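K.L.:
Attaching a single structure in structure tokens format; questions to follow.
Protein chains in written order, with the working numbering: chain A, 112 to 414; chain B, 2 to 291.
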């Protein structure tokens, strides 16, 4: 396991940010998903040793989060959410400095800085001052500094924030390539569901400082519910009420498509029985592919 | 022959260092950034004028016969003794140049990291707060050392060289140690002073104002208190005054005021200690607002 946390608690004064978080993360890319203020960044900062948990224990790559923070940081790459850089340095000097501080020998750090800057697409502008970079370039630079020492585990905190659609796509492709590379595990924290769905095969959903769901995305979608999309004709009130009483969630879109989220073990034939009983005509019935958005809405309890 | 590699991400085949001078890359970068600033190199060169003047003074003092025609009465003024070195190391011009150079090259040492949120980048590496502080302190130590310790030791060597004997050394065998200790004291004090100022604001212009204001306001405060209380102890409020008295003690020269030197030393040392404790508390990988 690359990350193992047990019963982590953390508070900012009276505000509880994390309340008994326990999770295990293994190989590959894992998404850390949650609404703003859910505790994602706090969790990452605890794993990096910036914050000390009030309770609980954990290991990152086999090192204790309370006592072996230096060893953790040597093996971890961190791409912060904020726009951060050292003014007055060009990109290659900045990246090499970060590599050197991680333990790379000076010449190797410089060589590696050139490599990762080319990799993230800043090869042509690597001698420009970082102060003059656009937001998208700064985002790439943050990824480069996180990769320069070839970490075993990469923490990415909102890596696509502030990017235009093209820039976002490009950054996600780079992260996807790193994540598929052997020996690098990625923990991608985001509240943008599409980013996580594109990159990660596993997800940890955090809400109000607690783990709301965790596992393989495909499994979670299957376990939590089935989604059916229907086109109906007739008076729907009785039909809707009957299904809701049976534990289903019924939504109607603007173009009158009815979505029915059924709980685990629900027999879909009951939909037809209910329709017949309420005089509703079923004109289309599709067993739909559920998205991460559906799962997230369900788990976090928002529309 | 160069290796042909496929496009994409490549792992680094090597072993990361686990020990060594981890703060040195921060110091080296800080020095490099200081020299990149406008007019810094010119001012840096200008700050060696006193050292050159004192070197000329040493040369003339050893060749008084040759310079008799232009240096009448110089026997009295050009006496190279511990007081000569004390004068050099506590010159107002040297202190002013230290402040000026550090205002240009040192004001942003911590302020810029706060402003551009770079602190978290440093602390996401295997660095402790002490490593970070040592890295930043190294920049100030480097420049203060270049303006004090190095020229003073060179002047001492020049004195031996021009006199052609070790008599001066035998007369004052403790002098090199005094130079080293007092210069080290200046390095520690100015490092704490500059880093404290730099950590108090995210705006380097405010930091520059603070560096000069506190230094010279302390002297004004001394004057005001002296006028009111007529006490020589009011001099303890003055940063340059305290530095002068510690210098006088280090070089065994009679101080201007009859205030014990250890009180000045204590005032400046307590300031340095409090600064260190403050910085250790203030510097964190993440800003926690409770």
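For glycine and all other residues, C-beta sits at the position ideal for the given N, C-alpha and C.
Remember, predicted model here, so these are calculated numbers, not experimental data.
Are the C-beta of residue 118 of chain B and some C-beta of chain A separated by less than 8 Å?
P.N.:
By 1-based counting over the second chain, the position of residue 118 of chain B is 117. Chain A contact via Cβ: present.
K.L.:
Would you report the Cα separation of residue 315 of chain A and residue 141 of chain A, rounded to the nearest angstrom?
P.N.:
What you label residue 315 of chain A is simply residue 204 of the first chain in a count that begins at 1. What you label residue 141 of chain A is simply residue 30 of the first chain in a count that begins at 1. Going from the Cα of residue 315 of chain A to the Cα of residue 141 of chain A covers about 7 Å.
K.L.:
Span of the beta strand (DSSP E) holding residue 248 of chain A?
P.N.:
Along the first chain, read from residue 1 onward, the residue named residue 248 of chain A stands at position 137. Premise fails: residue 248 of chain A lies in the alpha helix (DSSP H), 246 to 258, not in any beta strand (DSSP E).
K.L.:
Unbroken beta strand (DSSP E) runs of length 3 or more, entirely within the segment 307 to 371 of chain A: which are they?
P.N.:
Whole beta strand (DSSP E) segments, 3+ residues: 313 to 318, 321 to 327, 337 to 344 and 360 to 363.
K.L.:
Residue 128 of chain B touches chain A at which residues, Cβ-Cβ below 7 Å?
P.N.:
Walking along the second chain from the start, residue 128 of chain B turns up at place 127. Here the neighbours are 212.
K.L.:
If we ignore side chains and look at the alpha-carbon of each, how far apart do residue 384 of chain A and residue 340 of chain A end up?
P.N.:
The count along the first chain starts at 1 and reaches residue 384 of chain A at position 273. The count along the first chain starts at 1 and reaches residue 340 of chain A at position 229. Between residue 384 of chain A and residue 340 of chain A, the C-alpha separation is close to 16 Å.
K.L.:
Which full runs of the beta strand (DSSP E) of 3+ residues lie inside the segment 135 to 215 of chain A, going along the chain?
P.N.:
Those beta strand (DSSP E) runs which fall completely within the segment 135 to 215 of chain A and span 3+ residues are 140 to 144, 166 to 171 and 187 to 190.
K.L.:
Residues in its own chain within less than 8 Å of residue 82 of chain B by CB, not counting five upstream and five downstream?
P.N.:
Translated into positions along the second chain, residue 82 of chain B becomes position 81. 173, listed in sequence order.
K.L.:
How far does the alpha helix (DSSP H) with residue 183 of chain B in it extend, from its first residue to its last?
P.N.:
Within the second chain, numbered from 1, the residue matching residue 183 of chain B stands at position 182. Start and end: 176 to 200.
K.L.:
Beta carbons nearer than 8 Å to chain A: which residues of the segment 9 to 23 of chain B have them?
P.N.:
The residues in question are 9, 10, 11, 12, 13, 15, 17, 18, 19 and 23.
K.L.:
At what residues does the beta strand (DSSP E) containing residue 120 of chain A begin and finish?
P.N.:
One-based indexing of the first chain puts residue 120 of chain A at position 9. Here the beta strand (DSSP E) through residue 120 of chain A covers 114 to 123.
K.L.:
Quick check: what's the CA-CA separation for residue 290 of chain B versus residue 114 of chain B?
P.N.:
Stepping through the second chain from its first residue, residue 290 of chain B is reached at position 289. Stepping through the second chain from its first residue, residue 114 of chain B is reached at position 113. Unreliable placement is indicated for residue 290 of chain B, whose pLDDT of 47 sits below 50; the coordinate value is still reported in the next sentence. Roughly 18 Å separates the two Cα atoms.
K.L.:
What is the DSSP secondary structure of residue 395 of chain A, counted as helix, strand or coil?
P.N.:
The residue labelled residue 395 of chain A in the question sits at position 284 within the first chain. Correct three-state label for residue 395 of chain A: strand.
K.L.:
With distances taken from CA atoms, which of B/285, B/235 and B/158 is nearest residue 264 of chain B?
P.N.:
Start at 1 with the first residue of the second chain, and residue 264 of chain B comes out as number 263. The option with the nearest alpha carbon to residue 264 of chain B is B/235.
K.L.:
Count the other C-beta atoms from every protein chain shown that fall within 10 angstroms of the C-beta of residue 374 of chain A, then say buried if there are 16 or more, exposed otherwise.
P.N.:
As a position in the first chain, residue 374 of chain A is number 263, starting the count at 1. Answer is exposed; the Cβ neighbour count stays below 16.
K.L.:
Please list the terminal residues of the continuous beta strand (DSSP E) segment that includes residue 266 of chain A.
P.N.:
Residue numbering aside, residue 266 of chain A sits at position 155 when the first chain is read from its first letter. Run containing residue 266 of chain A: 264 to 268, per the beta strand (DSSP E) assignment.
K.L.:
Does the beta carbon of residue 350 of chain A sit closer than 8 Å to a beta carbon anywhere in chain B?
P.N.:
Along the first chain, one-based indexing puts residue 350 of chain A at 239. Not closer than 8 Å to any Cβ of chain B, the Cβ of residue 350 of chain A fails to qualify, so no.
K.L.:
Residues of chain B with CB under 8 Å from residue 113 of chain A, in chain order?
P.N.:
Reading the first chain from its first residue, position 2 is the one you call residue 113 of chain A. Simply none; closest approach about 16 Å.
K.L.:
Which chain A residues sit within Cβ distance under 8 Å of residue 30 of chain B?
P.N.:
Translated into positions along the second chain, residue 30 of chain B becomes position 29. Result: 197, 200, 204 and 208.
K.L.:
For the segment 147 to 166 of chain A, which residues have a CB atom closer than 7 Å to at least one CB atom of chain B, in sequence order?
P.N.:
Flagged, chain order: 156, 159, 161 and 162.
K.L.:
Residue 300 of chain A by DSSP, collapsed to three states: which one?
P.N.:
Taking the first residue of the first chain as 1, we reach residue 300 of chain A at position 189. Residue 300 of chain A: strand per DSSP, three-state reduction.
K.L.:
Among A/399, A/137, A/190 and A/181, whose alpha-carbon lies nearest the alpha-carbon of residue 256 of chain A?
P.N.:
By one-based count along the first chain, residue 256 of chain A stands at place 145. If we check each option's Cα against that of residue 256 of chain A, A/190 comes out closest.
K.L.:
Within 10 Å of its beta-carbon, does residue 199 of chain A have 16 or more other beta-carbons around it, so buried, or fewer, so exposed?
P.N.:
Counting from 1 along the first chain, the entry for residue 199 of chain A is found at position 88. Buried is the call here.
K.L.:
So for residue 390 of chain A, helix, strand or coil by DSSP?
P.N.:
Taking the first residue of the first chain as 1, we reach residue 390 of chain A at position 279. Here residue 390 of chain A sits in coil by DSSP.
K.L.:
What separation, rounded to the nearest whole angstrom, lies between the Cα atoms of residue 260 of chain A and residue 372 of chain A?
P.N.:
Locating residue 260 of chain A in the first chain gives position 149, counting from the first residue. Locating residue 372 of chain A in the first chain gives position 261, counting from the first residue. Taking the straight line joining both Cα atoms gives about 46 Å.
K.L.:
When burial is assigned at 16 or more other CB atoms within 10 Å of the CB, is residue 204 of chain A buried or exposed?
P.N.:
As a working note, residue 204 of chain A is residue 93 in the first chain. Buried is the call here.
K.L.:
Got a sec: is the Cβ-Cβ distance from residue 270 of chain A to anything in chain B below 8 Å?
P.N.:
As a working note, residue 270 of chain A is residue 159 in the first chain. No, its Cβ sits nowhere closer than 8 Å to a Cβ of chain B.
K.L.:
At the 8 Å Cβ level, is residue 207 of chain B part of the contact set with chain A, yes or no?
P.N.:
Here residue 207 of chain B corresponds to residue number 206 of the second chain, with the count starting at 1. It does not: the Cβ of residue 207 of chain B has no partner Cβ on chain A nearer than 8 Å.
K.L.:
Mapping the DSSP letters down to three states, classify residue 108 of chain B as helix, strand or coil.
P.N.:
Translated into positions along the second chain, residue 108 of chain B becomes position 107. Correct three-state label for residue 108 of chain B: coil.
K.L.:
Could you name the residues that DSSP lists as bridge partners for residue 130 of chain A?
P.N.:
For the purposes of this step, residue 130 of chain A is taken as the residue at position 19 of the first chain. According to DSSP, residue 130 of chain A bridges with A/120.
K.L.:
Is it buried or exposed, residue 137 of chain B, if we count other Cβ atoms within 10 angstroms and call 16 or more buried?
P.N.:
Numbered from 1 along the second chain, position 136 holds the residue referred to as residue 137 of chain B. Buried, by the Cβ-count rule.
K.L.:
Nearest CA to the CA of residue 84 of chain B: which residue from B/163, B/186, B/261 and B/257?
P.N.:
For the purposes of this step, residue 84 of chain B is identified with residue 83 of the second chain, where counting begins at 1. The shortest C-alpha separation from residue 84 of chain B is found at B/257.
K.L.:
Give a yes or no on whether the minimum CB-CB distance between residue 291 of chain B and chain A is below 8 Å.
P.N.:
As a first step, residue 291 of chain B must be located in the second chain, where it is residue number 290. Legend: pLDDT at residue 291 of chain B = 44, less than 50; position of this residue unreliable, no value from coordinates given.
K.L.:
Bridge partners for residue 240 of chain A per DSSP, in chain order?
P.N.:
Translated into positions along the first chain, residue 240 of chain A becomes position 129. Paired residues: A/201.
K.L.:
Which residues does DSSP list as the beta-bridge partners of residue 373 of chain A?
P.N.:
Along the first chain, read from residue 1 onward, the residue named residue 373 of chain A stands at position 262. In DSSP, residue 373 of chain A forms a bridge with A/337.
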